[in-house]
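What follows is a set of notes on a single structure, which appears directly below.
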Amino acid sequence: MERIGALGSYIQLMVVSGILYTYVIGSLYEDYTIICLSCLVIPVLNLLVFLIVAPETPVYLLSKKRRKDAEKSLLILRGPNYDIHGELDELQKELDIQAQKKKSLVEIYSNKATVKATIVIVGLLCFLSFSGINVVIFYLKRILIATNSKIISPNYGQNIVGFIQVIMTFFSSLLVDKAGRRPLLLISDICMAICIGALGYYFYLLKLDEKLVDGLGLLPVASLAIYIIVFSVGFGPIPGVMMGELFTPDVKGLALGVICILGSLIEFVVVKTFDDVERAFGTGVAFGTFAVYCIIGTFFVYFVVPETKNKSLQQIQDELSGVKKKKKARRTGSASRKSTKSNTSAGSRPSNVGSSLFYHLK
């Protein structure tokens with residue numbers, strides 16, 4: 000389990016590296032043909048260099064009856080000190096179940112764990128989009144120009160922000176398996192709310208009177224930089240990591256397909272409507288709305304999102320299904336009955352027996 004979070008966060012690392020690359024190319028050239036051709040080079044090189052040496056997934060190898068190859072692949076993914084045989088047995092069980100019966104979309108979502116996992120992932124993707132991150136990334140140069148800040152030029156500003164995002168996303172890949180998913184998500188969302196709220200307040204003052212923001216030229220730049228930092232260590236990579244952790248192999252393909260479509264639609268709606276909201280209510284209100292969604296997202300993470308750090312697929316599925324809570328309740332009830340029996344046999348005072356009975360009646 001040591002590397003699963005880090006490996007999952009590398010997807011986001013590649014995304015933000017691509018964003019930085021386009022920022023730099025865009026600041027150097029204005030010809031879109033050159034920009035597009037430059038962006039074409041990286042995926043081709045990635046295909047030639049990385050995919051050739053990347054290990055095949057253990058699930059695929061097991062499905063092809065290649066157990067030894069699956070063991071080698073899982074050792075690469077989990078690390079040399081991990082006991083892989085138990086996990087391989089669990090994966091084989093899941094594949095056997097999957098082979099016996101292919102499930103339709105209705106059958107997939109008749110399972111409580113799958114429904115809960117979908118709620119968690121769709122919720123995270125919703126709050127990710129409504130945090131305003133895509134608006135900030137897509138319109139970063141325009142936002143920097145609108146701040147009227149003289150501290151740094153928009154071109155350099157967007158390149159610096161892009162570089163910060165890459166560094167912090169890489170840092171997150173080292174941290175995600177040590178700190179856990181929930182703490183990073185909570186810290187990320189709270190800090191994002193503060194930063195995007197501060198940016199909205201700056202634009203609100205700017206709209207009222209430019210003199211009100213005299214001496215606050217550092218505020219929008221600092222808010223954007225910190226916003227990108229905290230996003231990059233939490234809400235940036237972790238939803239993608241958890242996508243691969245919450246679903247069983249037999250439903251993962253179809254469930255994630257549906258979720259990715261929903262996530263893309265939400266992202267499109269947020270980015271598309273930003274201009275309309277900005278024109279109707281002002282930039283300050285638009286960013287203030289994003290801050291409110293970040294606050295709501297914090298409550299969602301706290302009450303709904305489970306911790307998956309260092310947990311097996313079966314442990315995660317049990318928690319999503321409520322099995323863990325039921326077992327805990329049974330253990331508590333059993334311990335309470337033993338305590339009552341012990342007190343009664345020892346000749347405990349009536350008040351103690353009454354307290355025990357009252358506890359059970361509650």
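Residue numbers (numbering that gives the first Met the number 0): 0 to 361.
Backbone N, C-alpha and C fix where the C-beta goes; we use that ideal spot for every residue, glycine too.
* **Helix, strand or coil at A53 according to DSSP, with G and I counted as helix** => coil
* Asked: Are there 16 or more other CB atoms within 10 angstroms of the CB of S263, so buried, or fewer, so exposed?
  -> exposed
* **Sequence-distant residues of its chain with Cβ nearer than 6 Å to S362 (five each side left out)** => With the chain covering only 0 through 361, there is no way to say anything about residue 362.
* To do: Entirely within the region 7-58 and at least 4 residues each: give me those alpha helix (DSSP H) ranges in chain order.
  => 31-52
* Cα separation between T297 and E266? -> 19 Å
* Apply the 10 Å Cβ neighbour rule to D208 and answer buried if 16 or more other Cβ atoms are within range, or exposed otherwise. => exposed
* Which first and last residues belong to the alpha helix (DSSP H) in which G392 is found? -> Because residue 392 is not part of the residues shown, which for the chain are 0 to 361, the question remains open.
* Nearest to M13 by CA position, among I150, Y301, L46, is which residue? -> L46
* To do: Would you kindly work out how many angstroms separate the C-alpha atoms of G243 and K251, rounded to a whole number?
  => 8 Å
* In or out: S109 buried (at least 16 other Cβ within 10 Å) or exposed? -> exposed
* To do: Use the C-beta contact count for V303: other C-beta atoms within 10 angstroms, 16 or more gives buried, fewer gives exposed.
  => exposed
* Asked: Cα separation between V291 and F234?
  -> 16 Å
* Alpha carbon to alpha carbon, what distance is there between G122 and I75? -> 32 Å
* Of the residues L211, G131, A221, the one placed nearest K271, counting alpha carbons only -> G131
* Quick one: measure Cβ to Cβ for P57 and L87, integer angstroms, because I've assumed they're closer than 8 Å. => 7 Å
* **8 Å Cβ cutoff met for G161 and G283** => no
* To do: With a threshold of 16 other CB atoms inside 10 Å of the CB of C293, please say whether the residue is buried or exposed.
  => buried
* Asked: Between which two residues does the alpha helix (DSSP H) harbouring Y226 extend?
  -> 217-232
* Does DSSP put R66 in a helix, in a strand, or in coil? -> helix
* The alpha helix (DSSP H) spanning I163 covers which residue range? -> 153-178
* To do: Mark S148 as exposed unless 16 or more other C-beta atoms lie within 10 angstroms of its C-beta, in which case mark it buried.
  => buried
* To do: Look up S187 in the DSSP assignment and say whether it is helix, strand or coil.
  => helix
* Where do the N-terminal and C-terminal ends of the alpha helix (DSSP H) with Q243 fall, by residue? -> Contrary to the premise, residue 243 reads as Gly rather than Gln in this sequence. From DSSP, the alpha helix (DSSP H) with G243 extends over 237-245.
* 6 Å Cβ shell around L356 - same chain, five flanking residues per side excluded -> Bear in mind that a pLDDT of 27 at L356, under 50, signals an unreliable position, so the number given afterwards is only what the model happens to contain. Taken in chain order, the list of residues that qualify is empty.
* CA nearest to the CA of V229, picked from S320, L127, I258 -> L127
* Asked: Using CA coordinates, which residue listed in S72, K67, P79, L60 is at the minimum distance from L94?
  -> L60
* Asked: Under three-state DSSP, which class holds K310?
  -> coil
* To do: Mind reading off the beta-carbon distance from M167 to S222? Whole number of angstroms is fine, and I expect it under 8 Å.
  => Going by Cβ atoms, the distance from M167 to S222 rounds to 15 Å, so no, they are not a contact pair.
* **Helix, strand or coil at N351 according to DSSP, with G and I counted as helix** => Note that N351 scores 39 on pLDDT, short of 50, meaning its location in the model is unreliable; the coordinates nonetheless yield the value given after this. N351: helix per DSSP, three-state reduction.
* Quick one: residues in its chain with C-beta nearer than 7 Å to the C-beta of F129, no 5 flanking neighbours on either side, listed in chain order? => V269, F289, Y292
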